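Inspection log for the structure reproduced underneath, given as structure tokens.
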Amino acid sequence: GTYKDITLTPVNGDVGLVLRGTVTINSNAKGGLWKTDQIILTDQVDNQRFNGQSNFGWKFFVNNSNEDITPPSYVKRSLKITMQNDYTSEIRPVQVITASWKTPDKDVKSCYATIDNADVASYSIGTYGWFDGKTNMCVVNFKITEYFRPGHYSIKQIVMYDNAGNDSTVKFEDISGDNFLSIRTTNPDTEYPYLDVNNISVSATPTNPSDPNGETNVKIVYYAKDNKSGLGPVSFILRDPQGIQHNYYHYHKNFYSVFFDGNPNTLARYDINLVLPEGSAPGKWALVQMNLSDKANNSKSYQFVELIHFEILN
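See below:
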């Protein structure tokens, strides 16, 4: 069904008991009675309370005479996949795989597709594209660098979203002549990033040492490298004394880039600085996991359960 997520924020500052949120419902969205089936309340330290329909009752009527309840459809056998060299958009040449397909719908809002290397066990690559209203075509581009693994790349699924909030997913199980390309790369990277697990430090300092309230400056220092393509996205998990896990990303300077800036094979120091909010649970916190990916889509999860702890004073 059609749905909308609404974020409600305190009307007076960062915290409060009165919250307000707004949402715009498209004129083509489903008409009739809308209801809320769940309200999630979250405090400053990510404690959550989930309320269902047994806790409250609330509905409102949407008078949309132009409602559209039909998801976008895919024109069978219209999927095409092509490749061309791109010498200008990045600091080094890349190959651009373009997936395009046709839909009879005119009100498509966005398009999404995933591509996979059929020759090796690897993660799918997903990205958003755009809809050309003149041709009724969805177009999605994938940039393949010299570090990607060679092989037969094929589209695994496509997703279309329309302005009314409907979406449709089409999966492609078989590799047909129009749904794969043989890609050659000059310097494939097949190894995941290296993390020096014996050289990680965590320190925590209350922002108000004389009267600790849980707000804490946390610094994590780690050393990492990658043999070829370079370090890409990094995420990590902290576990508080209540057993709740908190997920974070480390947005270092090469997090988003297509190519790594620097020498990827040099073991480099990375500093994570974050502030835990006021009211954070006192006691021992733990860095339980770090996830590292490189620019060739190789990933590795490092587990540190019960190895590295820091304490928040309260």
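Sequential numbering from 689 applies to the sequence shown in the working numbering. Glycine included, each C-beta is placed from N, C-alpha and C at the ideal position. It should be emphasised that the depicted structure is a prediction, and the values quoted were computed from it without experimental measurement.
Beta-bridge partners of residue i, as assigned by DSSP
i	result
N805	Y841
L962	V906
A787	I769, V828
L707	P698
T815	A801
Y911	R957
K859	Q845
F868	S842
K692	Answer by DSSP bridge pairing: none, since K692 is not bridged.
Y882	K913
Whether residue i touches residue j by CB criterion (8 angstroms)
i	j	result
T786	T770	yes
I747	L721	Note that residue 747 corresponds to Lys in the displayed sequence, not to Ile. Yes; because the gap between Cβ atoms is below 8 angstroms, this pair is in contact.
Y882	K913	yes
S753	D793	no
N951	D877	no
P900	L964	no
T954	A852	no
I932	V976	no
F868	A801	no
S810	R837	yes
D850	V796	yes
S798	F819	yes
Option nearest residue i by Cα separation, candidates the options
i	options	result
A717	R737, P698, L707, F749	F749
S945	G971, N773, K831	K831
Y841	N851, L975, Q991, E861	E861
Q845	Q930, Y835, Y816	Y816
A969	Y811, T690, L955, N735	N735
N896	I727, E755, I888, N905	N905
N875	G918, D959, D855	G918
L962	V922, G971, K972, K907	K907
V909	K916, Y775, V922	V922
I727	T712, N714, G745	G745
G971	A984, C799, T893	T893
Y937	P929, I960, D928	I960
V828	K768, Y880, E778, N854	K768
V733	Y939, R927, I888, S889	R927
Residue i in three-state terms, based on DSSP
i	result
W746	coil
I925	strand
Q930	coil
N979	strand
L729	strand
F948	coil
S753	coil
S898	coil
N935	strand
L721	strand
Y762	coil
R737	strand
K972	strand
I713	coil
E999	strand
T893	strand
K916	coil
S777	coil
V782	strand
Nearest-angstrom beta carbon gap, residue j and residue i [assumed within contact, 8 angstroms]
i	j	result
E966	E903	4 angstroms
F943	G920	7 angstroms
I803	I843	6 angstroms
T776	E834	With 8 angstroms as the limit, T776 and E834 do not qualify as a contact, their Cβ atoms being about 16 angstroms apart.
heavy atom of the ligand PLP below 7 angstroms from residue i C-beta
i	result
P838	The ligand PLP is not among the ligands present in this structure, which contains no ligands whatsoever.
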